[in-house]
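Shown next, in structure tokens, is the structure this report addresses.
Protein chains: 2
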Amino acid sequence: MHERRYDRAGTCVPRLPAQAPGPRPTTPRRARSAAISEARRIPEATVARLPLYYRALLEMTDQALSTVSSEQLAELAGVNAAKVRKDLSHLGSYGTRGVGYAVAALVDEIARELGLTHDSPVAIVGLGNLGHALANYHGFGARGFRIVALVDADASKVGERVGELTIEGIDDLDALVADREVAIGVIATPAAAAQEVADRLVAAGVGSILNFAPAVVTVPSGVSLRKVDLATELQILSFYQQHRMPAALGADAPGLRDPRPRAGVT
Amino acid sequence: MHERRYDRAGTCVPRLPAQAPGPRPTTPRRARSAAISEARRIPEATVARLPLYYRALLEMTDQALSTVSSEQLAELAGVNAAKVRKDLSHLGSYGTRGVGYAVAALVDEIARELGLTHDSPVAIVGLGNLGHALANYHGFGARGFRIVALVDADASKVGERVGELTIEGIDDLDALVADREVAIGVIATPAAAAQEVADRLVAAGVGSILNFAPAVVTVPSGVSLRKVDLATELQILSFYQQHRMPAALGADAPGLRDPRPRAGVT
DNA sequence: GCCTGTGAACCTTTTCACAGCA
DNA sequence: TGCTGTGAAAAGGTTCACAGGC
């Protein structure tokens, strides 16, 4: 009764190498993998770092720097040089041996890969403290995204103005998603409402959801889902704080751009 | 000049298996790893899931359920059963074969591992939109954490009341961290200020930092750091939206507690 | 019969190390 | 000489499948 049905999809982003149905009784479960190919598949871990590189490169552009080495970019992005090279190699060759990467070309390429060359319409559902903050947060709406709708179930909030938008009722969700071609739904409701909101967003045609509610939300296979859980983050920190990590080991941070030798406190 | 110095620590949480200094020229770089042992090391990935289990188990407690199978817990937490069993096995044996796990005992054990048996004092630095939202966000301060200070560099904000606290000036940071034994610092400042705030928090003795600013921040080895970057999350979603993932593959979500067959929309 | 605990297989990600090109 | 691009090795994480206890 529970033979297949791997979850996962409900946890992050649609997972490519998921199991083909038909689990084999013993070890030899493979059989697919050949034809998936799709030549330029970019690993999930790399995708998650592209935004970091993108931000770092934009800073360089502002400073009118035209080329950058993997080492420099690594420092700005807070990763290591080997990773930068491997990651960028997945995009194709935008570097020149002995020189580095052309900043402008790389910015363009990453923007294209991330789909930032056009704005994606975003709807925020739930306008409590967090929803308000997200709606106003400059830089959340920036660069490749445009908040086009604010939705709340609370009738007393409907009509309220937030920034340039007016809060609308949840009953208008369907129409509004369709009209404004909302691509990404942000859930900032209480936990109890999160799943239902997700269902409605998906039903209305939204293809990606960012969930801030402290609840597990699941979506059908075609839909992307990511979550940001503040309490969880604190708890993870708490774990490491308590288990005062082995002390030794745990390499030092790279040092970023400023010559700060090692950051205060000795 | 850059032989060792792996960054990483600046990116997430203190990383155990980081390189021992003294990188060997060729392959045989090992030499440590033996004595690290520490018998009950819990893998990073498992630590990141403990909060999920914890939340799910608390819900079960509310419903007066006394035992839970890995399968049930998996569904509530949005992961799969094998992972649940593996994860919990790292905590020791809290399950009974043929029966399941004792909810109460498990809650206690996870709370202890995560250090939630006592409240950790939290300071929020930067009270713009996001900082305000975090300060008010119920559930952010809940369960194992207590916000004990709000700090902002803007003199015009100092003295303003937010919930039960009053915003204090950044010059008081040192004293206030020491007095109230702040363990976790939350950075909700503009990107440009993030590194300096982190430095000051560390210098004042804070051991863990949660960074919301869209900037790379680095900290010395002993300090834990996690980041939450809203723009990054959107960009990752944008990538998957654009590359309309292979469609096939990508297993369905588990279905959560309600019998919703597959979530609306078919 | 049922469900945990776990070795082993598998897959992904990271890191190393160096060939190859400007 | 300097830095990218990349095979290969290592580490980490996930999933399978089943032994073993209730």
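Chains as they are written, first to last, in my numbering: chain A, 3 to 268; chain B, 3 to 268.
A virtual CB, placed ideally from N, CA and C, is assigned to each residue, including glycine.
Just checking: is the beta-carbon of Q65/A within a distance shorter than 9 angstroms of some beta-carbon in chain B? no
Thinking C-alpha only, which one of N131/B, L78/B, A47/B, A50/B is nearest L59/B? L78/B
Tell me which same chain residues have a C-beta within less than 7 angstroms of the C-beta of H120/A, skipping the five on either side of it? none
Between I126/B and V225/B, is the Cβ-Cβ spacing less than 9 angstroms? no
When the Cα of A215/B is compared with those of E198/B, R43/B, Y55/B, G207/B, which residue comes out closest? E198/B
Closer than 9 angstroms between beta carbons: that is the criterion. Which residues of the region 94-108 of chain A meet it against chain B? none
Measure from the C-beta of A276/B to each C-beta in chain A and report whether the shortest distance is under 9 angstroms. Nothing can be reported for residue 276/B: it is not among the residues displayed for chain B, which extend from 3 to 268.
Count Cβ pairs between the region 104-124 of chain A and the region 67-77 of chain A that sit closer than 8 angstroms; are there 3 or more? yes
At what residues does the beta strand (DSSP E) containing D154/A begin and finish? 147-154
Relative to the C-alpha of T220/B, which residue among G97/B, D176/B, A200/B, L152/B is closest? A200/B
Interfacial residues, the region 216-244 of chain A to chain B, with Cβ spacing under 7 angstroms: P216, V218, T220, V221, P222, S223, G224, S226, R228, V230, L232, A233, T234, E235, L236, Q237, I238, L239, S240, F241, Y242, Q243, Q244
The region 116-130 of chain B: which residues have C-beta closer than 9 angstroms to a C-beta of chain A, in chain order? L116, G117, L118, S122, V124, G130
Identify the continuous alpha helix (DSSP H) that holds N131/B and give its terminal residues. 131-138
Own chain residues within Cβ distance below 8 angstroms of L132/A, not counting five before or after: A190, F214
Does the region 145-162 of chain B come into contact with the region 91-101 of chain B, if we say contact requires no fewer than three beta-carbon pairs (one atom in each stretch) closer than 8 angstroms? no
Just the Cα atoms here: how many angstroms apart are L232/A and P222/A? 25 angstroms
Comparing C-alpha positions only, which one of H134/A, P53/A, A151/A sits nearest to A185/A? A151/A
Among the candidates K229/A, E235/A, P192/A, whose CA atom is the shortest distance from the CA of S210/B? E235/A
For V208/B and Q237/A, the rounded distance between their alpha carbons: 16 angstroms
Give me the Cα-Cα distance between D110/B and L136/B, rounded to the nearest whole angstrom. 27 angstroms
Taking the alpha-carbon positions, what's the D176/B to R202/B distance? 8 angstroms
Sub-9 angstroms separation of K85/A and R57/A beta-carbons: no
Outcome for S240/B when other beta-carbon atoms lying within 10 angstroms are tallied against a minimum of 16: buried
Does any C-beta atom of chain B lie closer than 9 angstroms to the C-beta of D181/A? no
Quick one: which chain B residues come within Cβ less than 8 angstroms of V49/A? I238, F241, Y242
How would you label D165/B, buried or exposed, when you count the other beta carbons within 10 angstroms and need 16 or more for buried? In the sequence as presented, Asp is not what sits at residue 165/B; that position holds Gly. So G165/B ends up on the exposed side.
Contact with chain B by A177/A, beta-carbon distance below 9 angstroms: no
Per the DSSP calculation, N213/B is bridged to which residue(s)? I189/B, K229/B
Tell me the residue span of the alpha helix (DSSP H) that contains E77/B. 72-79
Hey, is P275/B's beta-carbon within less than 9 angstroms of any beta-carbon in chain A? Nothing about residue 275/B can be reported from this structure: the residues present for chain B run from 3 to 268 only.
Any C-beta of chain B sitting closer than 9 angstroms to the C-beta of L152/A? no
List, in chain order, every chain A residue whose beta-carbon is nearer than 9 angstroms to that of A195/B. Simply none; closest approach about 13 angstroms.
Give the range of the beta strand (DSSP E) segment to which Y55/B is assigned. Unbroken run through Y55/B is the alpha helix (DSSP H), 46-64; no beta strand (DSSP E).
Kindly say whether A155/A, judged by its beta-carbon, lies nearer than 9 angstroms to any beta-carbon of chain B. no
Indicate the three-state DSSP secondary structure (helix, strand or coil) for R31/A in the structure shown. For R31/A, the pLDDT reaches just 36, beneath the cut-off of 50, and the residue's location in the model is therefore unreliable, although a value from the coordinates is still provided. Three-state result, R31/A: coil.
Using the three-state DSSP reduction, which class does L167/B fall into: helix, strand or coil? strand
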